[in-house]
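**Student:** Sharing a structure, written as structure tokens. Questions coming.
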Amino acid sequence: AKGILVSPLEPLKTMYETGVAARKETADPMGVLQDQIGKYGGNISVEEMAPANINKIEDQIQSGDIKTEDINKTLGALEGMLEAVKSRRTAAEKDSDEFDFWQDTHLDMAQMRDDLEGLANSKKKIAGSETETVGARVQYALGTVNDSSLGGRAARMRDLVGDDFTAVFEEMTKSIQVPKLYDISADMNEYDVEYRTWYNDYLRSRYPELEGVE
């Protein structure tokens, strides 16, 4: 799924211009996370990644409504957000309300990541398959994030926005610099070819400058 592009969250730009209470009111890390997942092509609900609802994600993977690239994008967005939230926590005065806010946010997002990765142990069969399980599909998604030549758990996010996760969190706007398309070579496996083709098509849909570029 290519997802729905969401408008930037303007209140984040003034987050540090007011007191702690106002920061809590305007800072919406979970909203930003959902924006990032959708903006970069994922199709997973933040609400359904809560521990009480993770079974809904499992069911959607089983039915095929959530695909490998959705898991990739969500894990990349989560890792990027965890880095950004960690920087906010570090900048806050320890034992302050602000520190506690970012600490709680970090713990919640880390739990979401762990629960999503935990579906790698699911034995549920993919709809229409006698052998493939939800766990196997999640394992593959984890492998492409952790072990591929794209490099690193947050590779999907870095490829889209660079290493400055804090800037992503604050600005929520498309980079002025047009990104490069992924190379596709004959020695790649079918899953990498499928993902890179999908991603290149997605970039072309967002950047008119890339139309017609191979």
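Going by my numbering, the first residue of the sequence shown is number 5, and it counts up by one from there.
By construction, the Cβ of each residue, glycine as well, lies at the ideal position given by its N, Cα and C atoms.
Closer than 8 Å, CB to CB, is Y144 near chain B or not?
**Tutor:** Looking for chain B here will not work: only one protein chain is present.
**Student:** Taking the Cβ atom as the reference point for each residue, do Y199 and E73 lie within a distance shorter than 8 Å?
**Tutor:** yes
**Student:** Go ahead and label P33 buried or exposed: buried means 16 or more other beta carbons lie within 10 angstroms of its beta carbon, across all protein chains shown.
**Tutor:** Buried.
**Student:** Roughly how many angstroms separate the alpha carbons of Q64 and D101, rounded to a whole number?
**Tutor:** 37 Å
**Student:** Decide if the region 74-84 is in contact with the region 41-61; the criterion is three or more beta carbon pairs, one per stretch, under 8 Å apart.
**Tutor:** Yes, the region 74-84 is in contact with the region 41-61.
**Student:** With DSSP as the reference, label T135 as helix, strand or coil.
**Tutor:** Reduced to three states, the DSSP call for T135 is coil.
**Student:** State the start and end residues of the unbroken alpha helix (DSSP H) segment that holds A190.
**Tutor:** Here A190 belongs to no alpha helix (DSSP H), and DSSP marks it neither H nor E.
**Student:** Going along the chain, which residues of its own chain have a beta-carbon closer than 7 Å to the beta-carbon of Y203, five neighbours each way excluded?
**Tutor:** Closer than 7 Å at Cβ, skipping near neighbours: Y186.
**Student:** Measure the C-alpha to C-alpha separation of N57 and E51 and round it to an integer number of angstroms.
**Tutor:** 7 Å
**Student:** Bridge partners of K129, per DSSP?
**Tutor:** T137
**Student:** Taking the straight line between their C-alpha atoms, what separation do you get for K122 and G46?
**Tutor:** The sequence as given places Gly at residue 122; Lys does not occur at that position. Spanning the two alpha carbons is a distance of roughly 19 Å.
**Student:** Taking a contact to mean a Cβ-Cβ separation below 8 Å, would you say P55 touches D119 in this structure?
**Tutor:** yes
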